[in-house]
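Trainee: So that we are looking at the same thing, I have put the structure below in structure tokens.
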Amino acid sequence: MDRRPTIMDVAAAAGVSVATVSKAVNGRYGVASHTVDHVLAVVAELGYESSLIASSMRSRRTGVIGVLVADFEPFSAEILKGVGEALRDSAYDLLAYSGSRGAAEGWERRSLSRLSGTLIDGAIIVTPTVVNVGTEVPVVAIDPHTGPADLPTVECDSFGGAIQATRYLTELGHTRIGFIAGRPDLRSSIARDAGHRRALADAGIAVDPRLVATGSYRQDAVRVAALEMLRRPDRPTAIFGANDTTALEIVKVAAELGLDVPRDLSVIGFDDVPEASKAAPALSTVRQPMHTLGAEAAGMLLALMRGETPKVTHLKLPTRLVARATTAPPL
8 MDRRPTIMDV AAAAGVSVAT VSKAVNGRYG VASHTVDHVL AVVAELGYES
58 SLIASSMRSR RTGVIGVLVA DFEPFSAEIL KGVGEALRDS AYDLLAYSGS
108 RGAAEGWERR SLSRLSGTLI DGAIIVTPTV VNVGTEVPVV AIDPHTGPAD
158 LPTVECDSFG GAIQATRYLT ELGHTRIGFI AGRPDLRSSI ARDAGHRRAL
208 ADAGIAVDPR LVATGSYRQD AVRVAALEML RRPDRPTAIF GANDTTALEI
258 VKVAAELGLD VPRDLSVIGF DDVPEASKAA PALSTVRQPM HTLGAEAAGM
308 LLALMRGETP KVTHLKLPTR LVARATTAPP L
């Protein structure tokens, strides 16, 4: 092509409308991710730059780091605080973005296709639904998806933390201990299930499959699981919820059934979000350093954006048991 390519040339070469090209290159809604990838490939092949993004495409810098979350729930909110603290003295602004559409699988890819190169220079993804994402900007994952991943990751020791939680319950004297698990696609959820089972085995307690359920960190699913467990004639005397929102929902269900926590039922969670200590009764839990998770991910991302290789690309942080008012020896 002897002349400078136009948006119409891109549309013709890609087999799409001019409007679709405009939306794709400007990161707007309404274009499928595979179509965006196709259009941007044609853009690169033809050497076309729209006037709206020419400057950012030349400089490759926006001065913004994105934190992508499925939802603004307590865990992700604490992560955001940690990232913000780490970036306070940097030259970067922070963009918090939730484009999950109900946490459907692959939401991260769609979000990154809209943001990368035009709005953000790098991204931190919290609890992703996929192993890897294809993007032009550096990406770090917090609480990663299960399976091998090329992405640098930051997480806590979920296996060790779950051992702490269940061991604490067995040391109180509980032998019928329920477990309501989290999202089965997260590495942390699998590790917490394994840690719970290890602690039971260490105490000589067989796993009762009727006392294991999956809540997927969803209030409705947790509620169904808790009702089924607590309505059993041989109900558990303690339940370990895979995160604090799960545990708090268990406490709520127990109260509705006329069970006193912790006299009739001990409950322990995982995370130590602010709501845990403010609850009545205050929730026993396993504390993971959420602010540090965010700060470490930010530091790792800044190194990647400078073209450096981080000293550690798969970081695991320790946890700590926090005993409060929802746990006691069984009657």
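The letter at position 69 of the sequence shown is residue 76 when you use our numbering, and the numbering goes up by one with no holes.
From the three backbone atoms N, C-alpha and C, an ideal C-beta is built for every residue, glycine too.
1) Please report the Cβ distance between A291 and V329, rounded to the nearest whole angstrom; I am assuming they are in contact, meaning their Cβ atoms lie under 8 Å.
2) Enumerate in chain order the residues of its own chain whose CB-to-CB distance from S196 is below 7 Å, with the five nearest sequence positions on each side excluded.
3) Label L218 either buried or exposed according to how many other C-beta atoms from any shown protein chain fall within 10 Å of its C-beta, with 16 as the threshold for buried.
4) Any contact of the stretch 299 to 306 with the stretch 236 to 250, i.e. 3+ C-beta pairs under 8 Å?
5) On a Cα-Cα basis, can you pick out the residue from R121, R95, V90, L75 that is closest to P135?
6) Of all the options G73, D16, R121, which has the alpha carbon lying nearest to the alpha carbon of K30?
7) Please confirm if the stretch 74 to 93 is in contact with the stretch 301 to 317, defined as three or more CB-CB distances below 8 Å between the two stretches.
8) I think L237 touches L266, with their Cβ atoms under 8 Å apart; what is that distance to the nearest whole Å?
9) Is it a yes or a no for the stretch 275 to 287 touching the stretch 309 to 325, going by three-plus beta-carbon pairs under 8 Å?
10) Does the stretch 162 to 174 come into contact with the stretch 198 to 206, if we say contact requires no fewer than three beta-carbon pairs (one atom in each stretch) closer than 8 Å?
11) Does the beta-carbon of D200 have 16 or more other beta-carbons within 10 angstroms, so that it is buried, or is it exposed?
12) How far does the beta strand (DSSP E) with H321 in it reach, from first residue to last?
13) When DSSP labels each residue in this structure, what does V370 get in the three-state scheme?
14) Considering only DSSP beta bridges, list what V161 is partnered with.
15) Since T292 sits in a beta bridge, which residues does DSSP pair it with?
Mentor: This is what the structure holds:
1) Checking the sequence shown, residue 291 turns out to be Ser, not Ala. With 8 Å as the limit, S291 and V329 qualify as a contact, their Cβ atoms being about 7 Å apart.
2) A188, G189, R190, A249
3) buried
4) no
5) L75
6) R121
7) yes
8) 7 Å
9) no
10) yes
11) buried
12) 321 to 324
13) Shown here, the chain extends from 8 to 338; a query on residue 370 therefore has no answer.
14) I149, L322
15) V329
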